[in-house]
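A.B. asks:
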Amino acid sequence: MRTLFKHTLALLVLAIAGGLFTPSLLAADSVAVIAHRSVPEQELNKTKLLDIYTGDVKRWSDGKPVVVIDLKPAGEVKETFYKYLGKSPSRMKSVWLKRMLSGEGDPPLTVESETEMVKRVAATPGAIGFVSSEAVNDTVKTLAIIEHESGGKK
Amino acid sequence: MGLPKLVPFCNLFHMKRMNQPPTKIVMSGCSKGTISLLLLVFSICPSAFAQFSEFPLKMFGYFQTNYTQYDQREEPYSDVKSFSMQQLNLFFQKDLDGNLTTFVNFEFLNNYSSGHQWGSFSVEEAWIRYHYSTGLNLRLGLQTPTFNYLNEIKNRTPLMPYVVRPLVYESSFNEILRLEEYLPARAYIQVFGYLPKGAVKLDYAVYVGNSPNINSDPENGQTGVDTTDTFLVGGRVGLRAKEFNLGFSASYDKYDFPQQIVSILDEKDITTRLPRIRLGGDLRYTFWKLGVESEFIRVNYEDDLGGFDVDLRFYYATLFCDVTDQIRVYGSYWLAKERQFRRAEVAGLFGGVDTVTVDMDYQLEAPTFGAAYTLTDKIVIKVQVAPVNQKFRYESSELTHKFNYFAAAVSVFL
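Protein chains in written order, with my numbering: chain U, 58 to 211; chain X, 37 to 450.
In structure tokens form, the structure reads like this:
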């Protein structure tokens, strides 16, 4: 048992050391925050965007419910978006999980690709999502552009 | 009185429990039938009615199964190894309209089996919430009150990397610590929300519930849900800014010490209905891949019980690191301090040995280390080790009990 105890501790130390020096993924050049055309907001700042994605804000300014959509596959777009919000995807997941298990809200809907994201946002009143800037078309409204280098927005 | 010789592990607070198998419950045939009926109704309802509703009934939950091993570091105690279905929770949630939500939480603990009379089943929560705005929510019904960070989510095992939760949040430590006294367990009305100020949010929660074990008719025993002349009142205020969370909690109620404990004290005029104030503080901060999480709880009884100090203290601090999106490792330190009644053998005035009741310092200390690996969105694997030290002190006498704890668990979402 003592051997098992020591081995477990050693594995934990190795895991920490390995993880701290793992480089982050490269991030996309720019990401667009998109919404259904009926959404009354014309732009969103970082604080409001974070409040929406953490579930603190559940309604748009006209009182209609917000429908949050997340991109399922990990990649540059997702990395850039969550880095801008200051949360890792795993931390966002735990925020959503806490809300769900406390009865305070549902996790976001998820889509498999940027193309599907644009289609889903365009078809769902109150929806908000994010894609790379190149994927945006005129079926949706753009609320913010996140530049990777500066971390700023339009 | 001569120097007492301490009698180990005979905590009088828990004598009644220790005389029974700790996980045993007695259920009537009616209770078994009720549970079966509930499960049947809820398993049929979603498929039968959900499709006709704009707001369907949602069912979800999780279970955690574990393997635990206690390695005693001292004679004469023996090692313990065990598998267990630690916990299974089933949730039912339904939005009645845009502002009203109902939520029910059924909990099964420790290999629950009504046939074998193992484990326990309980309705942990059953409430309806009215959402007026982010600053004002009203929750009515059975619920876990907001107190510090962990109290509300202590039973949401997938949210935590721990297999064994920090001491007072771990139901299996019920035979070691006076768990039910550390935290407010149930409330029935709660108002909560947050007020934004730029990127900073001020959280608040205020609640009302029953004082536990207070009975207006004590001759007929205590049930914990009797009509009471004293309510539990409490709340929490907190500050959130990005990855920084700070909160302070307090509650006030009265507590009836069980007659079993009172009867062993020689004092005749003991007021057992003691006013109690709980104070708590919680802090969470994450930076880069690192984070810290810490809490303290102080439980103060306004008067001592027949001259015996029965106050409680608990502290914990965890440092964690998200090594990758899938792996979190942590080191944590837990410390609980209690004044406990115990039997002690002392040298009698005229020779021989007398057994007397003393209140002594009890301390449970556990540095612990562990990791959680998110295998998929639905499965989390956990391991944890802890060298545990227990100390009992009375005047110049000290007794210790040390053991190593190893646990592995899997949490699965349903």
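Where is the CB? At the ideal position from N, CA and C, for every residue including glycine.
Show which residues of chain U have a CB atom less than 9 Å away from the CB atom of Leu275 of chain X.
C.D. replies: Per Cβ cutoff of 9 Å: no residues; Leu275 of chain X is ~14 Å from chain U at best.
A.B. asks: Count the other CB atoms, across all protein chains shown, that sit within 10 Å of the CB of Tyr168 of chain X; report buried if there are 16 or more and exposed otherwise.
C.D. replies: exposed
A.B. asks: Run through DSSP, which three-state label would Tyr113 of chain X get?
C.D. replies: coil
A.B. asks: Closer than 8 Å, Cβ to Cβ, to anything on chain U: give me those residues from the stretch 182 to 216 of chain X, in chain order.
C.D. replies: Closer than 8 Å at the C-beta level to chain U, one finds these residues of the stretch 182 to 216 of chain X: Glu188, Ile189, Arg192, Pro194 and Leu195.
A.B. asks: Counting only Cβ pairs nearer than 8 Å, list the residues of chain U close to Lys418 of chain X.
C.D. replies: Ordered by position in chain U, no residue passes the 8 Å Cβ test against Lys418 of chain X, which lies about 11 Å from the chain.
A.B. asks: Give me the Cβ distance between Trp154 of chain X and Asn146 of chain X, rounded to the nearest whole Å; I'm assuming they're in contact under 8 Å.
C.D. replies: 7 Å
A.B. asks: Taking beta-carbon pairs under 7 Å, can you tell me which members of the stretch 174 to 189 of chain U lie near chain X?
C.D. replies: none
A.B. asks: Spell out whether any CB of chain X is found under 7 Å from the CB atom of Thr137 of chain U.
C.D. replies: no
A.B. asks: Which residues of chain X have a Cβ atom closer than 9 Å to the Cβ of Thr104 of chain U, listed in chain order?
C.D. replies: Pro232, Gly234 and Ala235
A.B. asks: Which same chain residues, not among the five before or five after Tyr288 of chain X, have their C-beta less than 6 Å away from its C-beta?
C.D. replies: Sequence-distant partners of Tyr288 of chain X (beyond 5 residues in either direction) whose C-beta falls short of 6 Å from its own C-beta, in its chain, are Val269 and Ile313.
A.B. asks: Pop quiz: Gln100 of chain X and Ala445 of chain X are said to be a contact at Cβ under 8 Å. What is the actual Cβ separation, rounded to whole angstroms?
C.D. replies: By a beta-carbon distance limit of 8 Å, Gln100 of chain X contacts Ala445 of chain X. Their separation comes to about 5 Å.
A.B. asks: Should Asn246 of chain X go down as buried or exposed, given a rule of 16 or more other Cβ atoms within 10 Å for buried?
C.D. replies: buried
A.B. asks: Can you have a look at Ser114 of chain X and say buried or exposed, based on whether 16 or more other CB atoms are within 10 angstroms of its CB?
C.D. replies: exposed
A.B. asks: Just to confirm my understanding: we take Phe267 of chain X, look at its own chain, exclude 5 residues before and 5 after, and list those with CB closer than 8 Å. What are they?
C.D. replies: Val244, Gly245, Asn246, Ser247 and Asp289
A.B. asks: Between Lys117 of chain X and chain U, is any beta-carbon pair separated by less than 7 Å?
C.D. replies: no
A.B. asks: Closer than 7 Å by beta-carbon distance: list the chain B residues that pair up with Val114 of chain U, in chain order.
C.D. replies: The chain inventory of the structure shown lacks chain B, comprising the protein chains U and X.
A.B. asks: Just to check my reading of the structure: Leu213 of chain X and Ala372 of chain X have Cβ atoms closer than 8 Å, yes? What is that Cβ distance to the nearest angstrom?
C.D. replies: Right, the Cβ-Cβ distance comes to about 6 Å (below 8 Å), so this counts as a contact.
A.B. asks: Tell me, to the nearest whole angstrom, how far the beta carbon of Ile91 of chain U is from that of Gly186 of chain U; I am working on the premise that it is less than 8 Å.
C.D. replies: 6 Å
A.B. asks: In the DSSP output, what is Ile313 of chain X paired with across the bridge?
C.D. replies: X:Tyr288 and X:Asn336
A.B. asks: Figure out for me which residue from X:Val199, X:Glu217, X:Phe119 and X:Asn187 has the closest Cα to the Cα of Val421 of chain X.
C.D. replies: X:Val199
A.B. asks: Got a sec? Which residues, its chain only, sit under 7 Å from Lys129 of chain U by beta carbon, not counting five neighbours each side?
C.D. replies: The answer, listed in chain order, is Thr167, Val168 and Glu169.
A.B. asks: Look at the Cβ atom of Gly183 of chain U, then the Cβ atom of Pro122 of chain U, and state whether they are nearer than 7 Å.
C.D. replies: yes
A.B. asks: Please state whether the Cβ-Cβ distance between Phe280 of chain X and Gly327 of chain X is less than 7 Å.
C.D. replies: no
A.B. asks: Helix, strand or coil for Trp324 of chain X, going by three-state DSSP, please let me know.
C.D. replies: coil
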